[in-house]
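Engineer:
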Amino acid sequence: APNGEEYIAYCIPVRGTASNSEWFSDFMFGTTGDHEGFYAAATGIQTELYNDLYNDGFDKDHTIIWLTGHSRGAAVSNIIAGELTKDGVYASGSHIFAYTYACPTVSKSADTSLKNIFNFNNPGDLIPTLPLEGWGYRRYGQTINLDIAHKSNFDNRFLAVTSQEYVGATTDEDWI
């Protein structure tokens, strides 16, 4: 830490969909413009996080928050990072980071200009397209589509490590 200052870092991994009730919640878009199912899950984690932040003895300038998740966990991480950044309590996001994978869209009011949130998505994955952007839904932060032009490198490494060929949907032809 600079000048020998002490910081506290929160690393918050949020798991993806694990049960049937969560699958149901994944499709609860709601009518407010915020994805009702994802926001309900985010609220529970965010409430606990705010409690920990309030009681940890560190001021906001010495607190780092790092969120990550995949699929539903990505949506929840995206919302929490976006809301924490938006409320400005934690140095306007300078100590808040989110790295998500296969992140669905979460809100019609999500700020896509945030530079501290990174959403890595595969263009061939259906989950990051829901709810539809055509309906006005977005995700907080920057969306980075992973280039699959060099997929053969991945395929070769997967085979070397697992002794099995990788099977996945990467092109329209794979679905036929």
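Start counting the sequence shown at 871; every next residue gets the next number (my numbering).
Don't be surprised by glycine CBs; every beta carbon is placed ideally from N, CA and C.
Source: prediction; values computed, not measured.
Can you tell which of ARG942, ASN986 and THR970 has the C-alpha that lies nearest to the C-alpha of GLY958?
Structural biologist: Per the Cα distances, ASN986.
Engineer: Count the other CB atoms within 10 Å of the CB of ASP922; is the residue buried (16 or more) or exposed (fewer)?
Structural biologist: By the neighbour-count rule (16 or more Cβ atoms within 10 Å), ASP922 is not buried but exposed.
Engineer: Buried or exposed: HIS1014, going by 16 or more other Cβ atoms within 10 Å of its Cβ?
Structural biologist: Note that residue 1014 is Ile in the sequence shown here, rather than His. So ILE1014 ends up on the exposed side.
Engineer: Can you give me the C-alpha to C-alpha distance between VAL1037 and GLY1011, rounded to a whole angstrom?
Structural biologist: If you take the alpha carbons of VAL1037 and GLY1011, they lie about 30 Å apart.
Engineer: Enumerate in chain order the residues of its own chain whose CB-to-CB distance from ASN992 is below 6 Å, with the five nearest sequence positions on each side excluded.
Structural biologist: Cβ neighbours of ASN992 beyond the five flanking positions: LEU1016.
Engineer: Between which two residues does the alpha helix (DSSP H) carrying LEU923 extend?
Structural biologist: Run containing LEU923: 906 to 925, per the alpha helix (DSSP H) assignment.
Engineer: Counting only the same chain and skipping the five closest in sequence on each side, list residues whose C-beta sits under 8 Å from that of GLU1003.
Structural biologist: Answer for GLU1003: THR975, listed in chain order.
Engineer: Among ALA972, GLU1035, LYS978 and HIS965, which one has its Cα closest to the Cα of PHE990?
Structural biologist: Answer by Cα proximity: ALA972.
Engineer: Among the residues of its own chain, which have a CB less than 7 Å from the CB of ILE1046, if the five just before and after it don't count?
Structural biologist: Low confidence applies to ILE1046: its pLDDT is 38, below 50, so where it sits in the model is not reliable, and the reading given next is rough at best. For ILE1046, where only same-chain residues beyond five positions count, there are no Cβ hits under 7 Å.
Engineer: Assign LEU1029 to one of three DSSP states: helix, strand, or coil.
Structural biologist: In this structure, LEU1029 counts as helix in the three-state DSSP scheme.
Engineer: Please tell me whether ARG1009 and ASN948 are closer than 8 Å, where the distance is taken between their beta carbons.
Structural biologist: Yes, these two residues count as a Cβ contact at 8 Å.
Engineer: I need the straight-line Cα distance from GLY994 to PRO1001, nearest angstrom please.
Structural biologist: The alpha-carbon atoms of GLY994 and PRO1001 are separated by roughly 16 Å.
Engineer: Consult DSSP for ALA951 and reduce its assignment to one of helix, strand or coil.
Structural biologist: Note: ALA951 maps to helix in three-state DSSP.
Engineer: For ALA879, name the three-state secondary structure that DSSP assigns.
Structural biologist: Note: ALA879 maps to strand in three-state DSSP.
Engineer: Please return the same chain residues whose Cβ sits closer than 7 Å to the Cβ of ALA879, not counting the five positions on each side in sequence.
Structural biologist: The residues are ILE934 and TRP936.
Engineer: Check each candidate in ALA968, ALA980 and ASN1023 and name the one with the smallest Cα separation from GLY1006.
Structural biologist: Ranking the options by Cα distance to GLY1006, first place goes to ALA980.
Engineer: Short check: CB of THR938 to CB of THR917, under 8 Å?
Structural biologist: The answer is no: Cβ separation not under 8 Å.
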